[in-house]
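For the sequence shown, the positions run 4 to 120 when the numbering used here is used.
Beta carbons are placed, not taken as given, at the ideal position from N, Cα and C, and that holds for glycine.
Here's the structure, in structure tokens; my notes come after.
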Amino acid sequence: MIVEALYYLAGIMVIVGALFSFAATFGIVRLPDLYTRMHSGSKAGTVGSGLTLLAIALVSFDGSVILRALLGFVFFMLTAPISAHLLARAAYVAGYRPAKRFVVDDLENSSAPQSKQ
Numbered sequence: 004m005i006v007e008a009l010y011y012l013a014g015i016m017v018i019v020g021a022l023f024s025f026a027a028t029f030g031i032v033r034l035p036d037l038y039t040r041m042h043s044g045s046k047a048g049t050v051g052s053g054l055t056l057l058a059i060a061l062v063s064f065d066g067s068v069i070l071r072a073l074l075g076f077v078f079f080m081l082t083a084p085i086s087a088h089l090l091a092r093a094a095y096v097a098g099y100r101p102a103k104r105f106v107v108d109d110l111e112n113s114s115a116p117q118s119k120q
């Protein structure tokens, strides 16, 4: 009975994770500039892969698989947002500017080194 409930819960988590991953890929294809695409890919992709890894840990009855799934989840949660931030910052310094329809550019007057154009 409990095992069946875990399977249903894991199935729901996989479906929700797949929906988040689809939202990430849809955002990467449809959003206007590098920064919004990176935001979509890093946030929704992290949640999608994290839910899938948690579902694997939930239904696995092998301790090593559970440990690897949980370590993968922690790795995704720690590294994906940080790497997206660093890549976006490097892109801004390299000269890629946000789309024109965004009216706020918080880094425009910062002390970050500007590219030579």
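Asked	Found
With a Cβ-Cβ cutoff of 9 Å, do F25 and S43 count as a contact?	no
Which of the three DSSP states, helix, strand or coil, is assigned to K103?	coil
Verify the contact flag: G51, CB atom, against every heavy atom of the ligand SAH, threshold strictly below 8 Å.	The ligand SAH is not part of the structure shown, which contains no ligands of any sort.
Contact check, M16 vs L54 under 8 Å by CB: the rounded distance?	5 Å
Closer than 8 Å is the cut-off here; do at least three beta carbon pairs connect the region 80 to 100 with the region 29 to 40?	yes
Drop a sphere of 10 angstroms on the beta-carbon of V6, count the other beta-carbons inside from all chains shown, and report buried for 16 or more, exposed for fewer.	exposed
For L9, tell me which candidate among A91, I85, A58 and A87 has the shortest Cα-Cα distance.	A58
From S113 to G48, what does the alpha carbon distance come to, in whole angstroms?	30 Å
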